[in-house]
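Novice: Position one of the sequence shown corresponds to residue 566 (the working numbering), numbered consecutively onward. Please see the structure below; I have some questions.
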Amino acid sequence: MHSNVHIGQQSKIGNFVFIYPYAVFTNDPTPPSDTCIGPTVGDFSQIAVGTVLLPAAEIGKHCLVGAQSLVGGKYDDYSLIIGNPAKKIKDVRELKSRNTDKSHYPWPYSFSRNMPWEHEGFENWKLKNGYEND
566 MHSNVHIGQQ SKIGNFVFIY PYAVFTNDPT PPSDTCIGPT VGDFSQIAVG TVLLPAAEIG
626 KHCLVGAQSL VGGKYDDYSL IIGNPAKKIK DVRELKSRNT DKSHYPWPYS FSRNMPWEHE
686 GFENWKLKNG YEND
């Protein structure tokens with residue numbers, strides 16, 4: 566989690582989620598009210614700078630939410646979510662690395678700096694730690 570991030574009460578954030586500066590997780594669907602329904606973000610997802618997640622938004626595993634997106638609704642695993650209002654553009658596994666022209670997502674296979682799988686690779690680490698279905 567980077568600086569200047571606001572996480573409203575009742576938000577649910579999975580493991581190894583990156584949340585970049587100025588992201589806001591809202592939780593009141595009809596302000597002001599006593600209802601508090603935070604967004605949910607699945608394991609290994611990325612929430613880019615300036616994104617607003619609306620109350621009860623659901624982001625699946627291994628998703629990428631583009632910068633300055635306004636996100637409501639439910640999104641499946643591996644979604645690339647962009648815009649205001651946000652929409653699923655495509656499956657993140659279709660995104661190519663600028664350096665290698667190979668698929669960059671799911672990102673744990675191509676990024677390991679300071680991650681628990683840094684010395685053994687994500688594939689070996691996930692099998693040892695119960696992430697067989699990722």
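No residue lacks a Cβ here, since even glycine has one placed at the ideal position from N, Cα and C.
Give the range of the beta strand (DSSP E) segment to which residue 645 is assigned.
Specialist: From DSSP, the beta strand (DSSP E) with residue 645 extends over 644 to 648.
Novice: Considering residue 655, what are the terminal residues of the beta strand (DSSP E) in which it resides?
Specialist: Counting along the chain, the beta strand (DSSP E) containing residue 655 begins and ends at 651 to 656.
Novice: Taking the Cβ atom as the reference point for each residue, do residue 660 and residue 636 lie within a distance shorter than 8 Å?
Specialist: It is not a contact, given that the beta carbons lie outside the stated cut-off.
Novice: Do residue 581 and the ligand ZN come close, with the Cβ less than 7 Å from some heavy atom?
Specialist: With respect to the ligand ZN, the structure offers nothing, as it holds no ligand at all.
Novice: Just mark residue 601 as buried or exposed, buried being the case when its beta carbon has 16 or more other beta carbons within 10 Å.
Specialist: With fewer than 16 Cβ atoms within 10 Å of its Cβ, residue 601 is classed as exposed.
Novice: Would you kindly check if the distance between the Cβ of residue 615 and the Cβ of residue 575 is under 8 Å?
Specialist: No, the Cβ-Cβ distance between residue 575 and residue 615 is not below 8 Å.
Novice: Does DSSP put residue 660 in a helix, in a strand, or in coil?
Specialist: If DSSP states are grouped into helix, strand and coil, residue 660 belongs with coil.
Novice: Is it buried or exposed, residue 695, if we count other Cβ atoms within 10 angstroms and call 16 or more buried?
Specialist: Flag for residue 695 reads exposed.
Novice: Going along the chain, which residues of its own chain have a beta-carbon closer than 6 Å to the beta-carbon of residue 677, five neighbours each way excluded?
Specialist: Excluding positions up to five away in sequence, the list reads 683.
Novice: Just the C-alpha distance for residue 595 and residue 681, rounded to the nearest angstrom, thanks.
Specialist: Cα to Cα, residue 595 sits roughly 40 Å from residue 681.
Novice: Do the CB positions of residue 643 and residue 658 come within less than 8 Å of each other?
Specialist: In contact: residue 643 and residue 658 (Cβ atoms closer than 8 Å).
Novice: So, is residue 679 buried or exposed, given that buried needs 16 or more other C-beta atoms within 10 angstroms?
Specialist: Per the 10 Å Cβ criterion, exposed.
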